[in-house]
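J.: Counting in the working numbering, the sequence shown runs from 1444 upward without gaps.
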Amino acid sequence: MFNKVLIANRGEIASRVIRTCKSLGVKTVAVYSEADQEAPFVSEADESYLIGGPKVNESYLNIDAIVNVAKETNSEAVHPGYGLLSENTDFAKRLEDENIVFIGPDSNAINQMGSKLTARQTMEKAGVPIIPGTNDPVESVEDAKQIASDIGYPVMVKASHGGGGIGMEIVHNDTELEKAFESNARRAEQFFGNGTMFIEKVIEDAHHIEIQVLADHYGETVHLFDRECSIQRRHQKVIEEAPSPLLSEETRQEMGEAGVRAAKAINYKNAGTIEFLVDEEQNFYFLEMNTRLQVEHPVTEQITGVDLVEEQLKIAHGEKLSFSQEDLQINGHAIEARIYAEDPKTFFPSPGQITAFNPPVGTNIRHDIGVNSQYKVTPYYDPMVAKLIAFGNSRAETIDHLKDALMDYEVVGIKTNIPFLIDVTQSPAFQKGDTRTSFIQEFMIKQ
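1. Using DSSP's beta-bridge definition, name the partner residues of V1491.
2. Enumerate in chain order the residues of its own chain whose CB-to-CB distance from G1610 is below 6 Å, with the five nearest sequence positions on each side excluded.
3. Are the beta-carbon atoms belonging to L1384 and L1493 less than 9 Å from one another?
4. Would you decide whether T1880 is buried or exposed? Buried here means 16 or more other CB atoms lie within 10 Å of its CB.
5. Need the endpoints of the alpha helix (DSSP H) that A1705 sits in, please.
6. Tell me the DSSP bridge mates of V1499?
7. To the nearest angstrom, how far is the alpha carbon of A1591 from that of P1580?
8. Buried or exposed: which applies to R1563, given that a residue is buried once 16 or more other Cβ atoms fall within 10 Å of its Cβ?
9. Tell me which same chain residues have a C-beta within less than 7 Å of the C-beta of S1550, skipping the five on either side of it?
10. Going by C-alpha to C-alpha distance, which of G1856, V1472, S1502 sits closest to A1488?
11. Counting Cβ pairs, one atom from each stretch, are 3 or more of them under 8 Å apart for the region 1639 to 1651 and the region 1568 to 1585?
12. Among the candidates P1741, S1691, V1721, whose CA atom is the shortest distance from the CA of A1649?
13. For the 8 Å Cβ check, are there 3 or more pairs between the region 1452 to 1472 and the region 1739 to 1757?
14. Just tell me which of M1698, E1885, A1457 has its CA closest to the CA of A1829.
15. Whole angstroms are fine: how far does the CA of E1519 sit from the CA of V1448?
16. Under 9 Å between the Cβ atoms of G1524 and L1831?
17. Please report how far the alpha carbon of V1600 lies from the alpha carbon of E1612, in whole angstroms.
18. If you follow the beta strand (DSSP E) that F1834 is part of, which residue opens it and which one closes it?
19. Suppose you measure from the CA of S1793 to the CA of D1593; what does that come to, to the nearest Å?
20. Among residues of its own chain, excluding the 5 on either side of F1545, which ones have a beta-carbon nearer than 8 Å to its beta-carbon?
21. Is there at least one Cβ from chain B nearer than 9 Å to N1511's Cβ?
22. Taking the beta strand (DSSP E) that I1543 belongs to, which residues open and close that run?
23. Assuming R1630 is part of the alpha helix (DSSP H), what are its boundary residues?
24. Using the C-alpha atoms, what's the distance from A1482 back to V1510?
25. I need the DSSP call for H1650, collapsed to helix, strand or coil.
26. Three or more C-beta pairs under 8 Å: does that hold for the region 1815 to 1826 against the region 1783 to 1803?
Right, dumping it as structure tokens:
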């Protein structure tokens, strides 16, 4: 195993990676910004280094600064967490060139899946169902109108290199398309340096369901079943669960096999996630592949007993998977609620000083936390401060554990989305498992 690993991330995921590294006897190096000097992960690591100002481009996106710290500390590997540089081809390639192990897939795999258009083309060749739409760049608004007319409104205008909900918009007619096409192309160019656009048919009343995969360097690729991730606002997930309450066992198996095919199609290594849209008839369509650890990975860990960060480290170190597909099974149910520093009515960020932070205690809950009672939530980063994971023998039991834990969760000094999460857990639609991607919009209308 590695002797020392640098974590090129912050917040709860940095703390999460540090926790597994410590359990394996691996020393850890944290890098942090001026805004994060008092963050818990900084003191949890064996070594910590300031790399820049509070803005992400001054620190957590500064490849030179991160690589320099890795070299100066003799770190053998870098774990990128999620977000930030985790799917950055240049970062992965730079580490490869410096003979530092990137704990994730190689730069070629990241590059193939970094373009949503390339990903669509690759998946179609691999026999993975894709959403009706274009496999080539759409060059102009007039071309976009013709394509939309051919496949029928509503359609999704999407940036090939977009992410996090940026560069994508649903449109219902030519007028909306004219505005959305150019504005989203500009935003994608601004945020990702690439304004290439394409169009997909909107799968209405869909569920957002993803398949977790692991692949080693010796030809073994397995899936760790599915996660339901349909409860979203602004295309960002809020509540996730495993397994999905929608899927039949037949569909679950078919989707798992499709996920393995997708990974093998790009010679993928390490942990990855294949995301699908699934309609009410359980037809499923490839959406994208995330070439990294997901925020919602804990629910998969809870139902399989597999520590995904540990497996990432072992695979990156050149070890074989210690289990096969036949060894994996679903045990019980797990649900994750993301705790955000945001107004529960508007979902706008709510930065400020936390004056009291008291997570609930219980045998059927897990916490992945990035703050403490002295932490100041700044406007520089994503407002997620913690994750609450509940688990049990059944979905109904798990919902009860989650609801009770949320009721006992105390965060003082800032607004959080906890009141909203409590309302969701008590809603009839959620309790029935009727959680399509339109859930939050419909739920808010009813409030």
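For glycine and all other residues, C-beta sits at the position ideal for the given N, C-alpha and C.
This structure is a prediction, so every number in the text was calculated from the model and none was measured.
T.: Here's the rundown:
1. Here residue 1491 is taken as the residue at index 48 of the sequence shown, counted from 1. At residue 1491 the sequence reads Ser, which differs from the Val that was named. S1491 pairs with A1473.
2. As a working note, residue 1610 is residue 167 in the sequence shown. These residues qualify, in order along the chain: A1602, N1627, R1630, A1631.
3. With the chain covering only 1444 through 1890, there is no way to say anything about residue 1384.
4. Locating residue 1880 in the sequence shown gives position 437, counting from the first residue. Buried, since its Cβ has 16 or more Cβ neighbours within 10 Å.
5. For the purposes of this step, residue 1705 is identified with residue 262 of the sequence shown, where counting begins at 1. Note, A1705: alpha helix (DSSP H), 1692 to 1708.
6. By 1-based counting over the sequence shown, the position of residue 1499 is 56. Answer is none; V1499 lacks a bridge partner.
7. As a position in the sequence shown, residue 1591 is number 148, starting the count at 1. As a position in the sequence shown, residue 1580 is number 137, starting the count at 1. The alpha-carbon atoms of A1591 and P1580 are separated by roughly 14 Å.
8. For the purposes of this step, residue 1563 is taken as the residue at position 120 of the sequence shown. R1563 should be labelled buried.
9. Position 107 of the sequence shown, counted from the first residue, corresponds to residue 1550. Contacts found: T1532, A1535, K1536, E1539.
10. Here residue 1488 corresponds to residue number 45 of the sequence shown, with the count starting at 1. Checked all of G1856, V1472, S1502; the closest Cα to A1488 is V1472.
11. yes
12. The count along the sequence shown starts at 1 and reaches residue 1649 at position 206. Answer by Cα proximity: V1721.
13. yes
14. Residue 1829 sits at position 386 when you count from the first residue of the sequence shown. Nearest option by C-alpha distance: A1457.
15. Taking the first residue of the sequence shown as 1, we reach residue 1448 at position 5. Taking the first residue of the sequence shown as 1, we reach residue 1519 at position 76. Each residue's Cα considered, the two are about 6 Å apart.
16. Here residue 1524 is taken as the residue at index 81 of the sequence shown, counted from 1. Here residue 1831 is taken as the residue at index 388 of the sequence shown, counted from 1. For G1524 and L1831, no; Cβs fall outside 9 Å.
17. As a first step, residue 1600 must be located in the sequence shown, where it is residue number 157. As a first step, residue 1612 must be located in the sequence shown, where it is residue number 169. Using only the alpha carbons, I get a separation of about 5 Å.
18. Sequence index remark: in the sequence shown, residue 1834 carries index 391 (1-based). Residues 1827 to 1835.
19. In the sequence shown, counting from the first residue as 1, residue 1793 sits at position 350. In the sequence shown, counting from the first residue as 1, residue 1593 sits at position 150. Cα to Cα, S1793 sits roughly 43 Å from D1593.
20. As a position in the sequence shown, residue 1545 is number 102, starting the count at 1. These residues qualify, in order along the chain: A1520, V1521, P1523, F1534, A1535, L1538, E1539, A1759.
21. Of the protein chains in the structure, only one exists, and it is not chain B.
22. Here residue 1543 is taken as the residue at index 100 of the sequence shown, counted from 1. Unbroken run through I1543: none, as it is neither H nor E.
23. Along the sequence shown, one-based indexing puts residue 1630 at 187. Counting along the chain, the alpha helix (DSSP H) containing R1630 begins and ends at 1617 to 1635.
24. Along the sequence shown, one-based indexing puts residue 1510 at 67. Along the sequence shown, one-based indexing puts residue 1482 at 39. If you take the alpha carbons of V1510 and A1482, they lie about 21 Å apart.
25. The sequence position of residue 1650 within the sequence shown is 207, counting from 1. Note: H1650 maps to strand in three-state DSSP.
26. yes
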